[in-house]
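Colleague: Pasting in a structure now, in structure tokens, and then I'll have a few things to ask.
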């Protein structure tokens, strides 16, 4: 029996779990599963044989126990009979002492035999319980093995299906690869043909070529801001932006007075006019910002005015206002399509104040008609608006411009993207006007300027590569600019002051200025401002 226990133990120890087995290669995994399945089936056959042997042993033990129990019962009967006989003999004949002794010894021997048999019965019952437990364990192990075999069979089927699907995908990929190779081959042949063929002619013209063919320059401007872009009652335009437009026309060989078409551009439509070629250049108090430069079809040129956003208040509504910080709760007119809306919102939020935005297409008239308590915009615009309202009596209240500058507003010219030759002309016309003032060359002295000085000679007698192949600008382009509008200082003086500046003596000599240049960002760099030009060479 101990040998059978050893065999059973060896069989149980030889069983292993396969739940963690994995593999990447489908075919090898299927072969491995088949081998494991065969191994488990062999183990199951061995377990069945062992179970049959244990069941036979259990049957024999049961038979032995029944036999011993029968013998014990028999011995009990004999013992009782002998006891009875002893009692009888004691009664019949006390002289039969030897027989009584013999019977007593026989009874003792029988009791000892009975005890041994009872012990053996206990051992046999213990062995029977152990065998029953082992049988239960073996049956559980067999159930687990059957489940493993079933799982292996299912996994085998899944892997077979996966292999079939993979084979189909591989075939499809091979077909796709063949198609791609064919396409690549065709593309390479096309590239070779294109490399061997001359490039087709590109039907594209720079804006400069279009302007020269048309004979007029379309300049996008505003008409209601004195000092920048202003149209008077006679239809005449004036202002710093207007002088810039005239200077460009003169530089490319057009008549600065008769060949410029001023196209009114609003804050909302100015970039559309530029994008659809309704205008050739935009010079309309336009702030150069990241989003405009990156998102719109716009390429900014020279900055012709460094401005900043301010606030003008109706003193009847805020009589004690001396600062923008005194305007908590005010209603403020803001021009639609301007950068002012975002700037004023940031300023009030950063200073913990509230306001009501009155978005308007006509912010100036709305302010004059008291539709809002204050108006915000570029400082140059507010100065012009205040002057005009005071001149024509458009407002029935006193007004004041608060001292705070709440933003940076670099006002620049703008052209369409991807037209660098035209943008270069537009930008360098302004830089030429600034350079002329830096060198002391003006509308009054350019004809007698000392051209033995190399920088002055380059300014007055070289085109420096500007223009297109079909329309290079004249070597004397800056002479034409100076004759038409003067240098930067003269143009500024005509826009904001009384027009008496000689163009060379500095900002301090500009008189009767609506917006003085001295001490501001718009002064020349030599006077502490930001206006200076890159080298003209």
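Numbering (my numbering), first residue to last: -1 to 535.
Even glycine gets a Cβ: it sits at the ideal position worked out from N, Cα and C.
Give me, in chain order, the residues of the same chain whose beta-carbon lies closer than 6 Å to that of residue 354; leave out the 5 immediate sequence neighbours on both sides.
Modeller: Numbered from 1 along the chain shown, position 356 holds the residue referred to as residue 354. For residue 354, where only same-chain residues beyond five positions count, the Cβ hits under 6 Å are 329.
Colleague: Taking Cβ to Cβ, would you say residue 471 is nearer than 9 Å to residue 464?
Modeller: Looking up residue 471 in the chain shown gives position 473. Looking up residue 464 in the chain shown gives position 466. It is a contact, given that the beta carbons lie within the stated cut-off.
Colleague: Drop a sphere of 10 angstroms on the beta-carbon of residue 216, count the other beta-carbons inside from all chains shown, and report buried for 16 or more, exposed for fewer.
Modeller: Mapped onto the chain shown, residue 216 falls at position 218. When all chains shown are included, residue 216 counts as buried.
Colleague: Within 10 angstroms of its Cβ, does residue 404 collect 16 or more other Cβ (buried), or is it exposed?
Modeller: Locating residue 404 in the chain shown gives position 406, counting from the first residue. Result: buried.
Colleague: My output table needs one value for residue 478: the three-state DSSP class, helix, strand or coil.
Modeller: In the chain shown, the residue the question calls residue 478 occupies position 480. In the structure shown, residue 478 sits in a helix (DSSP, three-state: H, G or I).
Colleague: I'd like to know whether the C-beta atoms of residue 411 and residue 279 end up nearer to each other than 9 Å.
Modeller: Locating residue 411 in the chain shown gives position 413, where the first residue counts as 1. Locating residue 279 in the chain shown gives position 281, where the first residue counts as 1. Closer than 9 Å, so yes.
Colleague: By the 10 Å Cβ neighbour count, where 16 or more other Cβ atoms means buried, how is residue 114 classified, buried or exposed?
Modeller: Start at 1 with the first residue of the chain shown, and residue 114 comes out as number 116. Looking at its Cβ environment, which holds fewer than 16 other Cβ atoms inside 10 Å, residue 114 is exposed.
Colleague: So is residue 220 buried or exposed if we call it buried at 16+ other beta carbons inside 10 Å?
Modeller: Reading the chain shown from its first residue, position 222 is the one you call residue 220. So residue 220 counts as buried.
Colleague: Just to check my reading of the structure: residue 431 and residue 486 have Cβ atoms closer than 8 Å, yes? What is that Cβ distance to the nearest angstrom?
Modeller: The sequence position of residue 431 within the chain shown is 433, counting from 1. The sequence position of residue 486 within the chain shown is 488, counting from 1. Indeed, because the Cβ distance is near 4 Å, the residues count as touching under 8 Å.
Colleague: Alpha carbon to alpha carbon, how far is residue 374 from residue 212?
Modeller: Walking along the chain shown from the start, residue 374 turns up at place 376. Walking along the chain shown from the start, residue 212 turns up at place 214. Each residue's Cα considered, the two are about 39 Å apart.
Colleague: When you compare each of 529, 39 and 45 to residue 300 by their alpha carbons, which one comes out closest?
Modeller: Your numbering for residue 300 matches position 302 in the chain shown. Proximity to residue 300 across 529, 39 and 45 peaks at 529, based on C-alpha coordinates.
Colleague: Would you mind listing the beta strand (DSSP E) stretches within the segment 356 to 418 that are 3+ residues and don't spill past its ends, in chain order?
Modeller: 372 to 376, 397 to 399 and 407 to 413
Colleague: Excluding the five sequence neighbours on either side, which residues of its own chain have a C-beta within less than 7 Å of the C-beta of residue 495, listed in chain order?
Modeller: Reading the chain shown from its first residue, position 497 is the one you call residue 495. 508, 509, 510 and 511.
Colleague: Please classify residue 48 as buried or exposed, where buried requires at least 16 other C-beta atoms within 10 Å of its C-beta.
Modeller: As a first step, residue 48 is located in the chain shown; it is residue number 50 there, counting from the start. By the 10 Å Cβ count, residue 48 comes out buried.
Colleague: Mark residue 458 as exposed unless 16 or more other C-beta atoms lie within 10 angstroms of its C-beta, in which case mark it buried.
Modeller: The residue labelled residue 458 in the question sits at position 460 within the chain shown. With a threshold of 16 other beta carbon atoms within 10 Å, residue 458 meets it and is buried.
Colleague: Who are residue 285's beta bridge partners in DSSP?
Modeller: Along the chain shown, one-based indexing puts residue 285 at 287. Residue 285 pairs with 409.
Colleague: Could you tell me which residues DSSP pairs with residue 314 in its beta bridges?
Modeller: Position 316 of the chain shown, counting from 1, holds the residue named residue 314. Per DSSP, none; premise fails for residue 314.
Colleague: Between the segment 372 to 391 and the segment 221 to 233, are three or more C-beta pairs nearer than 8 Å?
Modeller: yes
Colleague: Thinking residue 204 and residue 419 are a contact (beta carbons under 8 Å), I'd like their distance in whole angstroms, please.
Modeller: If you number the chain shown from 1, residue 204 lands on position 206. If you number the chain shown from 1, residue 419 lands on position 421. Indeed, because the Cβ distance is near 5 Å, the residues count as touching under 8 Å.
Colleague: Could you check where the alpha helix (DSSP H) with residue 243 kicks off and where it finishes?
Modeller: The residue you call residue 243 lines up with position 245 of the chain shown. Its alpha helix (DSSP H) spans residues 238 to 249.
Colleague: Count the other CB atoms, across all protein chains shown, that sit within 10 Å of the CB of residue 479; report buried if there are 16 or more and exposed otherwise.
Modeller: Mapped onto the chain shown, residue 479 falls at position 481. Counting Cβ neighbours within 10 Å, residue 479 comes out buried, since at least 16 surround it.
Colleague: Got a sec? Which residues, its chain only, sit under 8 Å from residue 325 by beta carbon, not counting five neighbours each side?
Modeller: Residue 325 sits at position 327 when you count from the first residue of the chain shown. Contacts found: 309, 311, 316, 319, 351, 353, 371, 372 and 400.
Colleague: If you count every other CB in all the chains shown that lies within 10 Å of the CB of residue 451, and 16 or more means buried, which is it?
Modeller: Residue 451 sits at position 453 when you count from the first residue of the chain shown. Classification for residue 451: exposed.
Colleague: Flag this pair as touching only if the segment 339 to 348 and the segment 383 to 394 have three or more C-beta atom pairs under 8 Å; answer yes or no.
Modeller: no
Colleague: Give the DSSP bridge partners of residue 216, in chain order.
Modeller: The residue given as residue 216 occupies position 218 in the chain shown. DSSP output for residue 216 lists 259 as bridge partner(s).
Colleague: I'd like to know if the segment 63 to 75 and the segment 114 to 128 are in contact, where contact means that at least 3 CB-CB pairs between them fall below 8 Å.
Modeller: At 8 Å Cβ cutoff, the stretches touch.
Colleague: Closest by CA to residue 402, which one among 249, 346 and 443?
Modeller: Taking the first residue of the chain shown as position 1, residue 402 is located at position 404. Distances from the alpha-carbon of residue 402 to those of 249, 346 and 443 put 346 closest.
Colleague: Could you round the C-beta distance between residue 540 and residue 297 to whole angstroms and report it? I think they count as a contact, below 8 Å.
Modeller: Residue 540 is absent from the structure shown; the chain starts at -1 and stops at 535.
Colleague: Taking the CB atoms as reference points, tell me whether residue 531 and residue 429 lie closer together than 9 Å.
Modeller: Locating residue 531 in the chain shown gives position 533, counting from the first residue. Locating residue 429 in the chain shown gives position 431, counting from the first residue. Cβ atoms of residue 531 and residue 429: closer than 9 Å.
Colleague: Return the residue from the list 146, 259 and 190 that minimises the CA-CA distance to residue 233.
Modeller: Locating residue 233 in the chain shown gives position 235, where the first residue counts as 1. Here the closest residue by C-alpha is 259.
Colleague: Any idea what DSSP makes of residue 276, helix, strand or coil?
Modeller: Locating residue 276 in the chain shown gives position 278, where the first residue counts as 1. Residue 276: coil per DSSP, three-state reduction.
Colleague: Near residue 267, which residues of its chain fall below 7 Å by C-beta distance, leaving aside the five closest residues on each side in sequence?
Modeller: Locating residue 267 in the chain shown gives position 269, where the first residue counts as 1. Beyond the five residues adjoining it in sequence on each side, residue 267 comes within less than 7 Å, by CB distance, of no other residue in the same chain.
Colleague: Taking the straight line between their C-alpha atoms, what separation do you get for residue 132 and residue 44?
Modeller: If you number the chain shown from 1, residue 132 lands on position 134. If you number the chain shown from 1, residue 44 lands on position 46. Residue 132 and residue 44 have their C-alpha atoms roughly 15 Å apart.
Colleague: Could you tell me the distance, in whole angstroms, from the CA atom of residue 518 to the CA atom of residue 525?
Modeller: The residue you call residue 518 lines up with position 520 of the chain shown. The residue you call residue 525 lines up with position 527 of the chain shown. Roughly 9 Å separates the two Cα atoms.
Colleague: Compute the Euclidean distance between the alpha carbons of residue 434 and residue 291, then round it to the nearest angstrom.
Modeller: The residue you call residue 434 lines up with position 436 of the chain shown. The residue you call residue 291 lines up with position 293 of the chain shown. Answer to the nearest angstrom: the Cα atoms are 29 Å apart.
Colleague: When you compare only the Cα positions, how much space is there between residue 295 and residue 171?
Modeller: Counting from one through the chain shown, the residue named residue 295 turns up at place 297. Counting from one through the chain shown, the residue named residue 171 turns up at place 173. When the Cα atoms are used, residue 295 and residue 171 turn out to be separated by approximately 44 Å.
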